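*Asks:*
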Amino acid sequence: MRPDDRKYLDSHEWAKLEGDLIVVGITDFAVEELSNGNEGDLVYCDLPDIGREVEQGETFGEIESVKAVSDLNAPVGGEIVEVNSDMMEHLETLADDPWKKGWLIKIKPTDASMDHLLAAEAYEQHITADH
Amino acid sequence: MSDADLKQTDLHEVHVSSGAKMVPFGGWSMPVQYASILDEARRVREHVGLFDLGHMGRLEVTGPDATRFLDSVVTSFVGKIPVGAIRYGLLCAEDGGPLDDLLLYKSSDENVFVVANASNCATVLAWLNDHIGAHDVTITDRSAELAMLALQGPKSQDALQPLVEGKDLSDVGYYKFTFATVCGIPDVRISRTGYTGEDGFELYFPCAESVRVWNALIEAGAEHGLAPIGLGARDTLRLEAGMPLYGHEIDREHNPVEAGLNFGISFKEEKGDWIGRAALAAVKEAPKRKLVGITTEGKRVPREGYLLFDGDREVGHICSGAVSPTINTNIGSAYLPVELAVAGQTIDMDIRGKRQQCVVCDLPFYSRTRK
Numbered sequence: 001m002r003p004d005d006r007k008y009l010d011s012h013e014w015a016k017l018e019g020d021l022i023v024v025g026i027t028d029f030a031v032e033e034l035s036n037g038n039e040g041d042l043v044y045c046d047l048p049d050i051g052r053e054v055e056q057g058e059t060f061g062e063i064e065s066v067k068a069v070s071d072l073n074a075p076v077g078g079e080i081v082e083v084n085s086d087m088m089e090h091l092e093t094l095a096d097d098p099w100k101k102g103w104l105i106k107i108k109p110t111d112a113s114m115d116h117l118l119a120a121e122a123y124e125q126h127i128t129a130d131h
Numbered sequence: 132m133s134d135a136d137l138k139q140t141d142l143h144e145v146h147v148s149s150g151a152k153m154v155p156f157g158g159w160s161m162p163v164q165y166a167s168i169l170d171e172a173r174r175v176r177e178h179v180g181l182f183d184l185g186h187m188g189r190l191e192v193t194g195p196d197a198t199r200f201l202d203s204v205v206t207s208f209v210g211k212i213p214v215g216a217i218r219y220g221l222l223c224a225e226d227g228g229p230l231d232d233l234l235l236y237k238s239s240d241e242n243v244f245v246v247a248n249a250s251n252c253a254t255v256l257a258w259l260n261d262h263i264g265a266h267d268v269t270i271t272d273r274s275a276e277l278a279m280l281a282l283q284g285p286k287s288q289d290a291l292q293p294l295v296e297g298k299d300l301s302d303v304g305y306y307k308f309t310f311a312t313v314c315g316i317p318d319v320r321i322s323r324t325g326y327t328g329e330d331g332f333e334l335y336f337p338c339a340e341s342v343r344v345w346n347a348l349i350e351a352g353a354e355h356g357l358a359p360i361g362l363g364a365r366d367t368l369r370l371e372a373g374m375p376l377y378g379h380e381i382d383r384e385h386n387p388v389e390a391g392l393n394f395g396i397s398f399k400e401e402k403g404d405w406i407g408r409a410a411l412a413a414v415k416e417a418p419k420r421k422l423v424g425i426t427t428e429g430k431r432v433p434r435e436g437y438l439l440f441d442g443d444r445e446v447g448h449i450c451s452g453a454v455s456p457t458i459n460t461n462i463g464s465a466y467l468p469v470e471l472a473v474a475g476q477t478i479d480m481d482i483r484g485k486r487q488q489c490v491v492c493d494l495p496f497y498s499r500t501r502k
């Protein structure tokens with residue numbers, strides 16, 4: 001079971017409310033799909049500039065492995081106020097700790113509601129149904 | 132096509148239980164990787180890898196006119212292939228557009244074994260049958276009855292030799308083949324060929340023996356660093372070695388002359404006329420574009436379909452791309468207008484809306500004999 005202190009997108013991003021910000025990352029399942037369990041197969045991550053406004057569902061960046069490129073989608077709309085730029089140089093962090101150290105961006109949401117996102121249990125069902 | 136419609140080789144269960152990730156490829160469910168694609172590619176360059184190629188099409192062309200018939204439909208000069216040798220060739224339409232690329236194993240003037248791509252095998256079979264004309268030949272599809280394995284890498288001979296009875300593999304030269312007993316199976320076809328740019332062998336034997344031979348090679352090869360290798364690393368290795376993949380570097384719209392495959396095309400009078408000859412001769416006189424390699428300094432990997440620009444002018448697109456663990460950069464293949472297809476030329480690649488500068492180079496990126 002994935003952490004239930006946060007919500008999920010079916011495209012495998014997670015969103016966690018911390019104070020008045022929403023922290024965004026990708027799930028272990030996404031990392032596994034991209035890298036097939038080989039962290040060295042992750043080659044690139046493109047994150048946005050601080051200050052950029054994103055809409056809910058908008059692509060805010062890309063992550064690339066040896067075999068494919070995936071979009072990173074914003075779980076909520078708002079202003080990007082922090083970016084985990086260390087992570088861009090240390091993609092192994094994503095494989096080691098996708099839930100905490102591997103966070104990607106923090107959004108100051110225009111609306112902090114996460115009701116449109118999947119709860120951990122529903123996300124679990126989503127990835128089980130897919131595979 | 133749903134997964135249920137995909138064909139499986141006799142090694143499917145072995146792959147799945149080894150932890151392979153299976154993907155659809157040419158109508159088959161095949162292992163794309165067992166471990167890291169980059170590690171698998173390195174293993175083949177440094178040690179030896181084992182590949183299941185049971186998806187490939189295998190045909191036998193037999194009869195008094197076998198050689199003459201093939202010379203009327205393929206680009207290479209089959210009549211001049213020495214007995215026991217193998218040549219690369221293509222099957223082209225009248226306009227010079229290839230239907231597939233092939234390996235031709237000549238046992239005699241009356242027996243040629245043809246290896247085709249999985250996705251094109253039915254097309255090749257139908258095309259050959261449609262063009263038999265008055266030739267006295269029989270074309271037999273052996274794909275379903277034969278396994279095909281490849282051992283690739285500098286330790287291939289060390290790994291394979293202990294399983295071979297009564298034949299010194301040192302006597303099998305590059306692009307030559309022989310028949311020998313392997314794992315007690317008589318008449319296994321063994322060729323010194325491959326699709327990685329390394330030394331290695333390809334084996335053909337009855338598919339009922341697939342699992343036994345696979346396991347024997349895994350066991351015998353362990354001390355030489357042998358491991359199974361998926362299609363992901365195979366694609367990287369063949370791209371590094373500058374070898375085309377049908378559907379990427381060559382297809383009906385991309386002829387073998389501009390792909391740099393002239394070594395597999397014979398315009399000799401003695402070969403006689405063949406389908407596509409006139410069209411390809413015209414291309415050879417005045418090629419418009421050329422297949423080249425490109426490298427990028429950035430982290431981004433060239434991907435099939437990314438567009439290439441010279442300033443604002445769109446000049447081509449990526450045919451294949453990969454992270455190259457051998458030359459430690461990102462590589463791709465592309466057709467460029469001849470005036471830009473010059474080593475050292477810089478061009479821009481559009482990566483999902485962002486421009487990245489690339490440098491043109493000659494193919495291959497890697498050659499084991501020309502380091």
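Taken in order, these protein sequences are the chains called B and Z.
No gaps in the numbering here: position 130 of the first sequence is 130 in this note's numbering, and each next residue is one more.
For any residue, its number in this note's numbering is found by taking its place in the second sequence, counting from 1, and adding 131.
Just so you know, even glycine gets a beta-carbon here, dropped at the ideal spot from N, CA and C.
Bear in mind that the values here come from a model prediction, so they are computed numbers and not experimental data.
#1: Report yes or no: is there a C-beta of chain Z within less than 8 Å of the C-beta of residue 73 of chain B?
#2: Could you tell me which of Z/457, Z/372, Z/409 and Z/450 sits nearest to residue 498 of chain Z, measuring between CA atoms?
#3: If you count every other CB in all the chains shown that lies within 10 Å of the CB of residue 125 of chain B, and 16 or more means buried, which is it?
#4: Hey, how far is the Cα of residue 404 of chain Z from the Cα of residue 396 of chain Z?
#5: Say whether chain Z places a C-beta atom closer than 8 Å to the C-beta of residue 81 of chain B.
#6: Count the CB pairs spanning the segment 288-298 of chain Z and the segment 359-369 of chain Z that are closer than 8 Å, and state whether there are at least three.
#7: Residues in the segment 156-179 of chain Z with C-beta within 9 Å of chain B's C-beta atoms, listed in sequence order?
#8: With a CB to CB cut of under 8 Å and the five nearest residues on each side skipped, what residues in its chain are close to residue 56 of chain B?
#9: Is there contact between the segment 275-286 of chain Z and the segment 198-211 of chain Z, where contact requires at least three CB pairs shorter than 8 Å?
#10: With a threshold of 6 Å on Cβ separation, who are the neighbours of residue 447 of chain Z within its own chain once the five nearest residues in sequence on each side are excluded?
#11: Suppose contacts are defined by Cβ-Cβ distances below 8 Å. Is residue 176 of chain Z in contact with residue 284 of chain Z by that definition?
#12: Would you mind working out which of Z/289, Z/256, Z/419 and Z/455 sits nearest residue 390 of chain Z, comparing C-alpha positions?
#13: Quick one: residues in its chain with C-beta nearer than 8 Å to the C-beta of residue 355 of chain Z, no 5 flanking neighbours on either side, listed in chain order?
#14: Would you say residue 152 of chain Z reaches chain C, if we count a Cβ-Cβ gap shorter than 8 Å as a contact?
#15: Against residue 486 of chain Z, what residues of chain B qualify as contacts under a CB-to-CB distance less than 9 Å, listed in chain order?
#16: Should residue 38 of chain B be flagged as near chain Z, meaning a C-beta pair shorter than 8 Å?
#17: Using beta carbons (cut-off 8 Å, strictly below), is residue 447 of chain Z in contact with chain B?
#18: Any residues in the segment 403-434 of chain Z with a beta carbon nearer than 9 Å to a beta carbon of chain B? Which ones, in chain order?
#19: Starting from the C-beta of residue 437 of chain Z, find all residues in its chain whose C-beta is less than 7 Å away, skip the five residues before and the five after it, and write them out in chain order.
#20: Could you tell me if residue 385 of chain Z is buried or exposed, where buried requires 16 or more neighbouring beta carbons within 10 angstroms of its beta carbon?
#21: Going along the chain, which residues of its own chain have a beta-carbon closer than 6 Å to the beta-carbon of residue 140 of chain Z, five neighbours each way excluded?
#22: Taking the CB atoms as reference points, tell me whether residue 462 of chain Z and residue 368 of chain Z lie closer together than 8 Å.
#23: Use the C-beta contact count for residue 90 of chain B: other C-beta atoms within 10 angstroms, 16 or more gives buried, fewer gives exposed.
#24: I need the DSSP call for residue 458 of chain Z, collapsed to helix, strand or coil.
#25: In the DSSP assignment, what are the bridge partners of residue 14 of chain B?
#26: So, does the segment 91-99 of chain B touch the segment 31-50 of chain B, judging by three or more C-beta pairs under 8 Å?
#27: Answer with buried or exposed for residue 164 of chain Z, where buried requires no fewer than 16 other C-beta atoms within 10 angstroms of its C-beta.
#28: In terms of residues, what are the limits of the beta strand (DSSP E) holding residue 341 of chain Z?
#29: Note down, in chain order, every chain Z residue with its Cβ under 9 Å from the Cβ of residue 43 of chain B.
#30: For a contact meaning CB atoms closer than 9 Å, what does residue 69 of chain B contact in chain Z?
#31: Chain B beta carbons: is any one of them nearer than 8 Å to that of residue 363 of chain Z?
#32: Residue 62 of chain B CB to nearest chain Z CB: under 8 Å?
#33: How about residue 380 of chain Z and residue 411 of chain Z: are their beta carbons less than 8 Å apart?
#34: Determine the extent of the beta strand (DSSP E) in which residue 483 of chain Z is found, giving its start and end residues.
*Replies:* The relevant details are as follows:
#1: no
#2: Z/372
#3: exposed
#4: 12 Å
#5: no
#6: no
#7: 163, 164, 166, 167, 168, 169 and 170
#8: 74, 75, 76, 77 and 116
#9: no
#10: 439, 465, 466 and 467
#11: yes
#12: Z/419
#13: 178, 179, 286, 289 and 290
#14: In the structure shown, chain C cannot be found, because the protein chains are B and Z.
#15: Near residue 486 of chain Z there are no residues of chain B at all, since even the closest Cβ is about 14 Å away, more than 9 Å.
#16: yes
#17: no
#18: 429, 430, 431, 432 and 434
#19: 448, 449, 480, 481 and 482
#20: buried
#21: 183 and 185
#22: no
#23: exposed
#24: coil
#25: B/8 and B/25
#26: yes
#27: buried
#28: Unbroken run through residue 341 of chain Z is the alpha helix (DSSP H), 341-352; no beta strand (DSSP E).
#29: 430, 431, 432, 454 and 461
#30: 431, 432, 434, 482 and 483
#31: yes
#32: yes
#33: no
#34: Careful: residue 483 of chain Z lies outside any beta strand (DSSP E) and carries neither H nor E.
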